[in-house]
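Down below is the structure, laid out as structure tokens.
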Amino acid sequence: MKIRVDIIGLKGGVGKTTIALNTALYLSKRYKVLYIDKDLLSMGSLILGFNGLGFNKAIVEGLGNEQYEYKVNNNLTLFKLYSDPVNERELQHKVKGMGEKAERAYVDVVSKGYDVIIVDYGRIFRTNDPLVYDEYEMFKKNFPDYTIAAAGITDAIRNDVTDVVKYFLDTINRIKAKPLAFVINMVPQIGDIQKEINQIVREISEVVKCDILTIPFNEKLVQYANMGEVEEMQKVGKLIERILSNG
């Protein structure tokens, strides 16, 4: 079994990149993993030490795959899509106009026998946004043997949780994805907040038909320290591991 997991949410700063990176690094201890950076600011790529131009710009300018494909360790490869937040829509339009040439370059990266593909969405996943959806559509066309799953990420604010639940359910229904996990991230360990979060979990468990995970706030995680090693940040990875073991 092979699986692609889309890490999605409604706003920045809730930990999508932190969770995506930790999940990819944790799974790479045992599986062959591709981390696709679809954040316009390419924060995941920067954290991993890669400064290539990105797929769209490299393809338009006729440059090699060293500008968007980077070996992080023996089992983990980074695929950076973007590099120019201001002009990325124009680049995306040009890439789409290149047709099969661009598609072949994309397939060449993704078709290397990955067990797990983790996709870090900096932008909101919307089917009417070419910057988000074109790559997903190309993936579905060329790699139908992968199970498509999604993990929704939110902070610990009640209204945000409610909004992300609606968005998460709508998105997985639109793209026919398997709900893998719903994550309430960076939960402050103060006062009665944990009690409130436990109540929210009970409420949303009636509509979110997947594992609901809570991750406490940890300053080291915000600083991207010990990635892949901290137990709290291995929760999504362990869910994926369980699916692969049973698959």
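Heads up: the sequence shown is residues 1 to 247, going by the UniProt record's numbering. Virtual Cβ for every residue (Gly too), placed ideally from N, Cα, C.
Is it buried or exposed for residue i, if we count other Cβ within 10 angstroms and need 16 for buried?
i: I190; result: exposed
i: Q67; result: buried
i: G44; result: buried
i: R4; result: buried
i: V86; result: exposed
i: D6; result: buried
i: F165; result: First, the residue type needs correcting, since residue 165 is Val and not Phe in the sequence shown. Buried, since its Cβ has 16 or more Cβ neighbours within 10 Å.
i: G52; result: buried
i: E100; result: exposed
i: S111; result: exposed
i: S205; result: exposed
i: N75; result: buried
i: S245; result: exposed
i: G64; result: exposed
i: E135; result: buried
For residue i, which residues in the same chain have their Cβ closer than 7 angstroms to its Cβ, ignoring the five residues on either side in sequence?
i: D84; result: K57, L91
i: D155; result: V14, N185, M186
i: V95; result: N56, I59, V60, A102
i: F217; result: M186, V187, P188, Q189
i: I172; result: A150, P179
i: M138; result: E103, Y106
i: M98; result: I59
i: L34; result: T77, F79, V110, Y114, I117
i: Y167; result: L10
i: E232; result: I215, P216, N218
Here's a check: name, in chain order, each residue in its chain whose Cβ is nearer than 8 angstroms to the Cβ of residue i, leaving out the five neighbours to either side.
i: E88; result: L40, N56, Y82, L131
i: K209; result: P179
i: V230; result: N22, N218, K220, L221
Have a look at the DSSP bridge pairing and note the partners of residue i.
i: I117; result: R4, L34
i: A150; result: D6, P179
i: K80; result: D37
i: Y70; result: L78
Which residues in the same chain as residue i place their Cβ atom closer than 6 angstroms to its Cβ, once the five residues preceding and following it in sequence are excluded?
i: I47; result: Y224
i: Y70; result: F50, L78
i: V201; result: I212
i: Y31; result: D115, V116
i: D37; result: G44, S45, K80, D120
Using a Cβ-Cβ distance cut-off of 8 angstroms, determine whether residue i contacts chain B.
i: I175; result: The structure shown has no chain B; it contains just one protein chain.
Q. What are the uninterrupted segments assigned as beta strand (DSSP E) that are 3 or more residues long and contained completely in the region 153–240, given in chain order?
A. Within the region 153–240, the complete beta strand (DSSP E) runs of at least 3 residues are 178–187, 211–216.
Q. Is there contact between the region 141–153 and the region 56–71, where contact requires at least three CB pairs shorter than 8 angstroms?
A. No, the region 141–153 is not in contact with the region 56–71.
Q | Contact between the region 10–20 and the region 117–129 (3+ Cβ pairs under 8 angstroms) | A | Contact annotation: the region 10–20 touches the region 117–129, with at least three C-beta pairs closer than 8 angstroms.
Q | Touch test, the region 103–115 against the region 128–147, Cβ-Cβ under 8 angstroms, three pairs minimum | A | Remark: three or more beta-carbon pairs, one from each stretch, lie closer than 8 angstroms, so the region 103–115 and the region 128–147 are flagged as touching.
Q) Is there contact here, the region 159–166 with the region 15–27, by at least three beta-carbon pairs under 8 angstroms? A) Between the region 159–166 and the region 15–27 there are fewer than three inter-stretch CB-CB distances shorter than 8 angstroms, so the stretches are not counted as touching.
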